[in-house]
Amino acid sequence: MSLRRKGKASLTAASALLLTLTLAGCGSQSPAPSNSGGTPSTGTATQPVTLTFWNEMTGPYEKALNGEIQQFHKLHPNITVQSVVVPNDAALEPKLLAAVVGQQPPTLSQVNPPWATGFIQTGSLVNLTPLIQGTHGFSLSPYYANMLSPGKWPDGNQYLMPFNLGAAIMYYNKQQFQQAGISTPPKTWAEFSQDASKLSTHGRQAFAITLVHTYPWLAFFYQAGGDFVNPKGMPNAAAFAPNGPGVRALTLWSDMVKNGSAVLTHGYASQTNFANGTSSILIGTTGFYPYLQQSVNNKFPIGEAALPGDVQQATSLFGGYLGIFSKSTPAQQQAAFEFVKYLTSQQGTLYWMEHSEGYLPVRTDVQAQAQSFLATHPAQAVSLTVLPTAKMAPKVAWWDEFSQRVLMNAITSVLINKATPVTAMQQAYTQAVQLAQKDGTY
Amino acid sequence: MNATNSATKNHPIGFLYLLPSLSIFLVFWLIPLVMVGGFSFFHFEYGLHPTWVGVAQYTSLFQSGLFWQSIRVTFTFSIAVVLGGTVISLLFATLLASGLKGQGIFRSLFFVPYVMPVVATSAVWLWMYQPNNGIIDEILGVFGLNRQIGWVNTPHLALVSLIVYTVWLSFGFTTLLFMAGMTNIPKELTEAAAVDGANNWRAFWHVTWPLLSPTTFFVLVVNLINAFQAFTQIYALTRGGPVNGTTTLTYFIYETAFNYFHFGAASAGAVIFFLLIVTLTGIQFLISRRAVYYGA
Amino acid sequence: MRKTNRSFAYGFLVLSAIITLFPIWWIFSTSFETNTRAYSFPGALVPQFHWQNYQTAWSLAPWGRFLANSVGMGLVTTLLALLTSLLAAYALVFIPNRLNKLIFSLILATMMVPFYSIMIPDYLIVRDLGWLNSYMAQVIPFIANGFAIFLFVQFMRSFPKELQDAALMDGVGRWGYLWKILVPNLLPAINTVGVYLFLLSWNAFLWPLVVTNGPTVQPIQVGLANFLSTANGTDWTVLSAAAAITTLPMLILYAFAQRQIVESVSRTGIKG
Chain C
1 MSLRRKGKAS LTAASALLLT LTLAGCGSQS PAPSNSGGTP STGTATQPVT
51 LTFWNEMTGP YEKALNGEIQ QFHKLHPNIT VQSVVVPNDA ALEPKLLAAV
101 VGQQPPTLSQ VNPPWATGFI QTGSLVNLTP LIQGTHGFSL SPYYANMLSP
151 GKWPDGNQYL MPFNLGAAIM YYNKQQFQQA GISTPPKTWA EFSQDASKLS
201 THGRQAFAIT LVHTYPWLAF FYQAGGDFVN PKGMPNAAAF APNGPGVRAL
251 TLWSDMVKNG SAVLTHGYAS QTNFANGTSS ILIGTTGFYP YLQQSVNNKF
301 PIGEAALPGD VQQATSLFGG YLGIFSKSTP AQQQAAFEFV KYLTSQQGTL
351 YWMEHSEGYL PVRTDVQAQA QSFLATHPAQ AVSLTVLPTA KMAPKVAWWD
401 EFSQRVLMNA ITSVLINKAT PVTAMQQAYT QAVQLAQKDG TY
Chain R
443 MNATNSATKN HPIGFLYLLP SLSIFLVFWL IPLVMVGGFS FFHFEYGLHP
493 TWVGVAQYTS LFQSGLFWQS IRVTFTFSIA VVLGGTVISL LFATLLASGL
543 KGQGIFRSLF FVPYVMPVVA TSAVWLWMYQ PNNGIIDEIL GVFGLNRQIG
593 WVNTPHLALV SLIVYTVWLS FGFTTLLFMA GMTNIPKELT EAAAVDGANN
643 WRAFWHVTWP LLSPTTFFVL VVNLINAFQA FTQIYALTRG GPVNGTTTLT
693 YFIYETAFNY FHFGAASAGA VIFFLLIVTL TGIQFLISRR AVYYGA
Chain S
739 MRKTNRSFAY GFLVLSAIIT LFPIWWIFST SFETNTRAYS FPGALVPQFH
789 WQNYQTAWSL APWGRFLANS VGMGLVTTLL ALLTSLLAAY ALVFIPNRLN
839 KLIFSLILAT MMVPFYSIMI PDYLIVRDLG WLNSYMAQVI PFIANGFAIF
889 LFVQFMRSFP KELQDAALMD GVGRWGYLWK ILVPNLLPAI NTVGVYLFLL
939 SWNAFLWPLV VTNGPTVQPI QVGLANFLST ANGTDWTVLS AAAAITTLPM
989 LILYAFAQRQ IVESVSRTGI KG
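From first to last, the protein sequence lines stand for chains C, R and S.
Position 178 of the first sequence, counting from 1, maps to 178 under the numbering used here, and the rest follow consecutively.
Position 212 of the second sequence, counting from 1, maps to 654 under the numbering used here, and the rest follow consecutively.
Position 68 of the third sequence, counting from 1, maps to 806 under the numbering used here, and the rest follow consecutively.
This is the structure in structure tokens:
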């Protein structure tokens, strides 16, 4: 009996394997299966629809998002938004991958542009352009162009809409700046490193580097005029050159570490360093503000300023986008589109900025209505002034592995003095080319 | 009865006892493993569109420096965790089993890290490992020592810090295992050794240690499993860095599959890992047959 | 032991206990801190009993539901896994079969594979079984456990085989021998393995996260992880309070299990 049972089980196994491969194979023949017929019928469907929305809006952001969902439910009583919160990219990535492989994706999800490149290739994401141009669509002109373009692919189609974005700015300890005789925050790289060394003493480094992600360093790289991706989507050799922007930005940071005015920290420890006065300068997104305010708790005034400039003024954008998955029914896709439309509308954007305490509006036409909020929230106010110079990381398919593995390693090995900026960038270039050949571009 | 006879005979009834476990292993471990083996011959685009690539995933893994480095890191990490964890827990178990008062309290205290959520304790350890104002450097500072050590800042030191954390996490459990094993050793034997004039060390070495060998073997395996499965602490403490210094094979597979969506390559990595484990288990069993004493 | 040796041993144990417990003390004391003092040295060493963090943490998630899910799934997984493992170990040790060695090695090797590497195929299987977003998906794959089998095999091997032969002659039968003689003698091992299995289930994180979509069936680790970090920082004090909330039930359970283990050891005093 036991043997027979076993035989049956392995048969199921074999068929499961075959089934999986066939299913996966089917997808390749008909990309974007349920949306290929064009725009889903209408937005005024009276049938109740439930859509699932996977996102990373944990902690304080969850509250703000639930507020948005309640507002949306009032406007669209037939649509129910089911929010599924996961802690971070590291959790959302496996969850999304398993769901896509298993053909069970959510209706709507927070998606980073580099993942979307792969999901678009396999027809897993809905092209939003027909919906945006359709009868229930909206105009894209009020949106910030630099926030919108990472969601648009070279074929001219918009697949993602910007949602939770912040810009990197400089937070500084005003009291320590005054004591060191610095009246205004640094405007150039030279001033930045001079001020940092004035603020540092033996064993106390003024600039606490956060390297959970590469975006703080990328901001300096952009200031030096860098761009890692050339127009064809391949690694841009000039960016890695010995006299190029990569080497320049690495040299600035590593010199500061060597002369004792900067220190490499891990996780978000830099925020605590800043709050207890161990460091005086912190570079992070708009979203750092509520955490800093809470932990500094008026021990000293926090200053916010634009990052210093080099050959140009620049900073990096950091955050997530929204994408609709094509496995869902047309009614769900339409409902998800309505929700995206609401979240990025004037009303939704304003609510999101004021309640999330850390994210920027994605459109230009809400700033005027938010004057009183901005007056009391300097981080957002400063971020809005630097927004025109802010850049989102490229969305080529090789970017994530390049940024997290190659670039992160290059920066770290320079900062811990295991490589020179020139050799680190040389190696990074070789690896970037390999990755681009392996993973493709858009 | 006829012992020789019953030892050589096959009793099919045994399968009935094994059936519940085996069916679960089959469906949720073995079949998935076979599927992963199948996936490793394909290239996937974000989990879809498989195309047959033969052994290309394997050859590109073998050419990847990071893959070989992750194997080196896995070995260093595993050997250190297994040896460190076993020696430390044996030490504590011997101390606690020597009839000290309050041994129950200590045993409970040492066990506490094991019941704490790894996500929470690794966050605290990360804090302790910070340069300057991390607690370890603060304490070094009190003694006038260098307090600029970034315990997770350089590849080698980060690996050491990771090992320390992993041993801290699990030594309470393995101590408990050793103590359970020690209670199985008849008191008369150790007492007899004491009467014969053997000192503590000789009594331990000639009586306790050989009789403890099944437990020791088990603790070694438990620690090996801890080392192979270690993930949460790597993610929380170092994310495989700095400069891949703490990227174990497990972490490499995870990152390849779920951060970079290279599903086929990750599958090939998993297959290699499995073959490595099968080889190791085989060797271990060969050794254990000689060295482990199971009593009469 | 001599007196100097003894005080040295105590000194060593106390020091080790302090070092071991320090990180945990810090989590608990930080959970009573205001943000300003959290993680500053020696700021949070002496807690301030600022209960606000607990109120905040408690109000931010349905902890009751998470707790009930985790405890329920943990208990069911543990009991079923103990049952299947005892049966399997019994067969491997006491019912001779040429395949036993192979089966045992295969089970052990399979269990050492990191679960992440087979997570996607498992997801597909669980989907085909219709178990997505259910307790089943989080319990059934784990009701067989190689380590538990391994430990039971190790303990059972130290039982004289003649004892079974005698029992079989007395007409007790294999089933009766397993439950009436082996199991009562294995209680310390069963307790140890039980704690291990429960903790394994309790600490499960990535798999539940991947197969579930909401607090109704999600375990507490998934709930806790949402506190760990946001994209922009961490509220350490509230995180610590959440960690304390999730740990307390385990500590209480362990205190209970600990007494059981000690009692069963002293009661049975099994010999090797």
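The C-beta atom is built at its ideal place from N, Cα and C for all residues, glycine as well.
By alpha-carbon positions, which one of the options ends up nearest to residue i?
i: S:S745; options: R:G623, R:E697, R:L542 and R:N641; result: R:L542
i: C:A190; options: C:E56, C:L317 and C:Q223; result: C:Q223
i: C:Y268; options: S:S978, S:T984 and S:G971; result: S:G971
i: R:G428; options: R:G586, R:V602, R:T721 and R:H491; result: Lying outside 443 to 738, the shown extent of chain R, residue 428 of chain R is not represented and no answer is given.
i: R:Q505; options: R:G711, R:Q726, R:T723 and R:T721; result: R:G711
i: R:T493; options: R:A707, R:L728 and R:L722; result: R:A707
i: R:F481; options: R:V720, R:Q726 and R:A699; result: R:A699
i: C:P245; options: C:Q179, C:G166 and C:G309; result: C:G309
i: C:A368; options: C:V433, C:E357, C:A381 and C:A64; result: C:A381
i: C:T389; options: C:Q179, C:I411 and C:L317; result: C:L317
i: C:V86; options: C:L264, C:Y215, C:N78 and C:L96; result: C:L96
i: R:I513; options: R:I581, R:G479, R:L691 and R:H485; result: R:L691
i: R:E612; options: R:Q671, R:I627, R:N595 and R:P597; result: First, the residue type needs correcting, since residue 612 of chain R is Ser and not Glu in the sequence shown. The candidate whose alpha carbon is nearest that of R:S612 is R:Q671.
i: S:T822; options: S:W764, S:D866 and S:L916; result: S:L916
i: C:L350; options: C:V340, C:T214 and C:A370; result: C:A370
So residue i contacts chain R; which residues on that side make the cut at Cβ distance below 9 Å?
i: C:D400; result: N701, Y702 and F703
Please list the partners that residue i has in chain S, where partner means a Cβ-to-Cβ separation under 9 Å.
i: R:W610; result: I757, T758 and P761
Report the rounded CA-to-CA distance for residue i versus residue j, giving the unit in angstroms.
i: S:N883; j: C:L128; result: 47 Å
i: C:P31; j: C:P130; result: Per-residue confidence for C:P31 stands at a pLDDT of 37, beneath the threshold of 50, marking its modelled position as unreliable; the derived number appears in the next sentence. Their Cα atoms are separated by approximately 16 Å.
i: S:A982; j: S:S767; result: 10 Å
i: C:L407; j: C:F72; result: 40 Å
i: S:W789; j: C:S254; result: 43 Å
i: S:P852; j: S:F880; result: 14 Å
i: S:N941; j: S:I756; result: 25 Å
i: C:Q333; j: C:Q104; result: 14 Å
i: R:W669; j: R:F519; result: Here the sequence assigns Ala to residue 669 of chain R, which means Trp is not the residue at that position. Looking at the two C-alpha atoms, the distance is approximately 7 Å.
i: S:P953; j: R:F553; result: 29 Å
i: S:F770; j: C:K174; result: 29 Å
i: R:T579; j: R:Y571; result: Note on residue identity: the sequence assigns Asp, not Thr, to residue 579 of chain R. Approximately 8 Å, taken between the alpha carbons.
i: C:S41; j: S:L935; result: Note that C:S41 scores a pLDDT of 43, beneath 50, so its modelled location is shaky; the value from the coordinates is reported in the next line. For C:S41 and S:L935, the distance between alpha carbons rounds to 52 Å.
i: S:L753; j: S:F804; result: 36 Å
i: S:I762; j: S:L989; result: 12 Å
i: C:H202; j: R:G586; result: 14 Å
i: C:M425; j: R:Y607; result: 33 Å
i: R:I627; j: R:V661; result: 17 Å
i: R:Q545; j: S:Y992; result: 16 Å
Identify the contact partners of residue i in chain C, using a Cβ-Cβ distance below 7 Å as the criterion.
i: S:N951; result: T52 and V84
i: S:L870; result: Q104
Output, in chain order, the set of chain S residues within a Cβ distance shorter than 8 Å of residue i.
i: C:K95; result: L947 and V948
i: C:Y447; result: Since the first and last residues shown for chain C are 1 and 442, residue 447 of chain C lies out of range.
Below 7 Å on C-beta distance, what does residue i contact in chain R?
i: S:F885; result: V664 and I667
i: C:H73; result: Those do not exist, as C:H73 stays about 32 Å from chain R at its closest Cβ, beyond 7 Å.
Who pairs with residue i in a beta bridge, going by DSSP?
i: R:L619; result: DSSP, once it has assigned bridges, lists no residue as partnering R:L619.
i: C:K152; result: C:Q158
i: C:K391; result: C:S316
i: C:V111; result: C:Y321
List, in order along the chain, the chain S residues whose C-beta lies closer than 7 Å to that of residue i?
i: R:G456; result: A829, I833 and N835
i: R:M558; result: I762 and T985
Which chain R residues sit within Cβ distance under 8 Å of residue i?
i: S:Q892; result: P656, T657, F659 and F660
**Asked** Just checking, does the stretch 271-280 of chain C make contact with the stretch 150-169 of chain C on the three C-beta pairs under 8 Å criterion?
**Response** no
**Message:** Using 8 Å as the cut-off, can you tell me whether the stretch 559-569 of chain R makes contact with the stretch 664-684 of chain R, which would need three or more C-beta pairs spanning the two stretches below that distance?
**Reply:** yes
**Prompt:** Is the stretch 883-899 of chain S in contact with the stretch 820-831 of chain S, if contact means three or more CB pairs nearer than 8 Å?
**Reply:** yes
**Asked** Do the stretch 184-200 of chain C and the stretch 344-362 of chain C make contact, defined as three or more Cβ pairs closer than 8 Å?
**Response** no
**Item:** Sufficient close CB pairs (3 or more, under 8 Å) joining the stretch 955-967 of chain S to the stretch 803-820 of chain S
**Value:** yes
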